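Notes follow once the structure below has been shown.
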Amino acid sequence: MSSQQTNITITINHLNSLLNGVILAQKRGIYSFEESGLLSEPVKVVSQFIKVHNENEEQKKQEQLKLKKEQAKLEQEQEK
Numbered sequence: 002m003s004s005q006q007t008n009i010t011i012t013i014n015h016l017n018s019l020l021n022g023v024i025l026a027q028k029r030g031i032y033s034f035e036e037s038g039l040l041s042e043p044v045k046v047v048s049q050f051i052k053v054h055n056e057n058e059e060q061k062k063q064e065q066l067k068l069k070k071e072q073a074k075l076e077q078e079q080e081k
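Numbering (this note's numbering) for the sequence shown: 2 to 81.
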């Protein structure tokens, strides 16, 4: 019997939406105290993951901007 591998793509937006839904439901009292406790750790982990991802994306943008500025400066110097 052969097993097929299924590729599933989960984006940061998916995780962020799920996290926001869990937090909103908890604020509305949808969970029991015990259930809320069980969700606490996964919510923290996903929150940290999203935070790190967003910081990395911001850092990439800053590095790309810096490279573009350096490239433009080099091009201006070559034109002289």
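Virtual Cβ for every residue (Gly too), placed ideally from N, Cα, C.
Quantities reported herein were computed from a predicted structural model and do not represent experimental measurements.
About 6 Å separates the beta carbon of Ser37 from that of Gln27, a gap short enough to meet the 8 Å contact definition. In the three-state scheme derived from DSSP, where H, G and I count as helix and E and B as strand, Ile9 is classed as coil. The segment 10-23 makes contact with the segment 49-63, as at least three CB pairs between them are under 8 Å. Counting only the Cα atoms, Ser33 lies some 57 Å from Gln72.
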